[in-house]
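Structure first, commentary second.
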């Protein structure tokens, strides 16, 4: 690799499965620009999120640490400003840093503190609010309201306070679909006299034949849709940076709020794909014997909501509609990626820029008859795209099959930029494998995935935790609730339909030992001691 300090463009989508790309073998979905990145770079085929929750995995991306270490174990917990991010190291190392789009490193704002009170069932006088938690600093209040959407809507907040986790320049998007707020809403208001008339189900255009939950034909024109804003503002930032002649390399994170639900692709992207053309997933109608999946189907059958963020069951028609609309959202993102690639070329910096494409987590998208996400570790949720295009790589393999994940991004980017990591960072520097210089298998047995739902899903009454080890051949999931422990042979059962926890004791024992040893290896070594004693 060259010693030249590269620019880095990190493109992140929201809730996109690894197989929702043409380059990943999807013959229906058209993503020519992202496919071009894969052809000229490396696509990781076994790349996993550290959590199936948005905020948890985004905090892992920024810190290179597991959710159990950075503390963002669920949505609604902001990343502590006390935690070091790899973007801060890039900024300290002379990089210009910018974020445009969805951050979700702090809470968007669904409810107030009263909804978050934790009761463990003990009797006695409750502690005062400031002593309710084991940690006194609750990651709210001053410094933690940058993404609080009610403040953006009321005009109380006009901009993110920077530097923001290392980003000097931030243009923020909160929420999803045609409901996005933040800096995007200000941009939209400058371009349309009544922007709220374009938003939401109440203002939707007619869409006969569609009945999928959380889907409507938005009145928002393509050129005003949030994905177009991310692409436009990203291209504009690149031009201004180059014209500014600061001489600094840049790290630009462009983060699309799509294809996360609601399913609202605008204009021609709404019917770019026909539901009738969508094949049902092979496991549709075959939920298998996972208790977590049984819970989702029972919850839906008993009338549970299909309007929130948690997984729910769908009919075959609803599944096909959801797939078609999601494909439209992905294709729109692909067009914006094409504009970004063209801008890099026009500015003459294409050969100086490492481009990374990934997503924060996946979506069941009809697997086992359900859609959306939750605290479960099926591959549709954990496996996400990862493409690494480095103009200085000459012997890179076209596909990296090594089990890897979001936790590896921070250390890999720092290494490529010539910067040493900080104490406590986890993950693996993937450069030797991405550059084709290493054929050895790393010592770690696989990738760890964690879930720790605070809001109990699908009628459950007891809080549970999941810790998974995903290797090339197996997925082992441990839980504090015995009925949620799982073991899948990914070679013999790639659809994860046959839980072998009670059948394969030898493999279960070996994998449990590997997971425990890896968790011990990854135990926190921060903070550093300040004295001998």
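In the working numbering, the protein residues as written are 476 to 1008. Cβ atoms here follow ideal geometry from the backbone N, Cα and C, with glycine treated the same way. Quick caveat, the model's predicted, so the values are computed rather than measured.
Just confirm the distance between the C-beta atoms of residue 665 and residue 958, as a whole number of angstroms; I'd bet it's less than 8 Å.
-> Rounded, the Cβ-Cβ distance is 54 Å, inconsistent with contact.
Residue 956 burial status per 10 Å Cβ neighbour count (16 or more: buried) = exposed
Could you give the distance in angstroms between the alpha-carbon of residue 832 and the alpha-carbon of residue 859?
-> 10 Å
Looking only at C-alpha atoms, which of 696, 640, 676 and 641 sits nearest to residue 667?
-> 696
Where residue 988 falls, given that 16 or more other Cβ within 10 Å makes a residue buried = exposed
Does the Cβ of residue 689 have 16 or more other Cβ atoms within 10 Å, making it buried, or fewer, making it exposed?
-> buried
Inter-residue Cα distance where the pair is residue 1009 and residue 514 = Residue 1009 falls outside the range modelled here, since the chain spans only 476 to 1008, and no answer is possible.
Using DSSP with H/G/I as helix, E/B as strand and the rest coil, what is residue 615?
-> coil
Are there three or more Cβ pairs, one per stretch, closer than 8 Å when the region 732 to 741 is compared with the region 487 to 500?
-> yes
Can you tell me whether DSSP reads residue 855 as helix, strand or coil?
-> helix
Determine whether the Cβ of residue 845 lies closer than 8 Å to any Cβ atom of chain D.
-> No chain D appears in this structure, which consists of one protein chain only.
In whole angstroms, what separates the C-alpha of residue 649 from that of residue 625?
-> 11 Å
So what's residue 631 in DSSP terms, helix, strand or just coil?
-> coil
Taking all protein chains shown into account, decide if residue 995 is buried (16 or more other Cβ within 10 angstroms of its Cβ) or exposed.
-> exposed
For residue 509 and residue 620, the rounded distance between their alpha carbons = 34 Å
Have a look at 604, 511, 745 and 866 and flag the residue whose alpha-carbon is nearest the alpha-carbon of residue 800.
-> 745
Taking 8 Å as the threshold, find out whether the region 712 to 722 comes into contact with the region 805 to 823 through three or more Cβ pairs.
-> yes
Length at least 3, wholly inside the region 946 to 989: the beta strand (DSSP E) runs in chain order = 949 to 954 and 961 to 964
Please work out which residues of its chain come closer than 7 Å, Cβ to Cβ, to residue 558, disregarding the five sequence neighbours upstream and downstream, and give them in chain order.
-> 538 and 545
Is it true that the region 922 to 941 meets the region 524 to 532, where meeting means three or more beta-carbon pairs spaced less than 8 Å apart?
-> yes
Evaluate residue 932 with the Cβ neighbour count: other Cβ atoms within 10 Å of its Cβ, from every protein chain shown; 16 or more gives buried, anything less gives exposed.
-> buried
Just mark residue 839 as buried or exposed, buried being the case when its beta carbon has 16 or more other beta carbons within 10 Å.
-> buried
CA-to-CA distance, residue 943 to residue 952, given in whole angstroms = 4 Å
Output the distance between the C-alpha atoms of residue 884 and residue 709, rounded to the nearest integer angstrom.
-> 21 Å
Just the C-alpha distance for residue 576 and residue 807, rounded to the nearest angstrom, thanks.
-> 15 Å
Residue 495 to residue 1000, Cα distance in whole Å?
-> 37 Å
Hey, would you say residue 562 sits closer than 8 Å to residue 642, going by beta carbons?
-> yes
Between which two residues does the beta strand (DSSP E) harbouring residue 863 extend?
-> 861 to 864
Given that a residue counts as buried once 16 or more other Cβ atoms are within 10 Å of its Cβ, and exposed if not, what is residue 971?
-> buried
Exposure label - residue 646; buried when at least 16 CB within 10 Å = buried
Residue 828 and residue 482 look like a contact to me (Cβ under 8 Å); what is the Cβ gap, rounded to whole Å?
-> 4 Å
Unbroken beta strand (DSSP E) runs of length 3 or more, entirely within the region 620 to 682: which are they?
-> 644 to 649
Return helix, strand or coil for residue 561, following the three-state DSSP convention.
-> helix
Within the same chain, show all residues whose beta-carbon is closer than 8 Å to that of residue 913, passing over the 5 residues directly before and after it, in chain order.
-> 907
Check the C-beta distance from residue 814 over to residue 706 and give it rounded, since I have them as a contact under 8 Å.
-> 5 Å
Alpha helix (DSSP H) segment containing residue 571, residue limits | Run containing residue 571: none in the alpha helix (DSSP H); it sits in the beta strand (DSSP E), 571 to 577.
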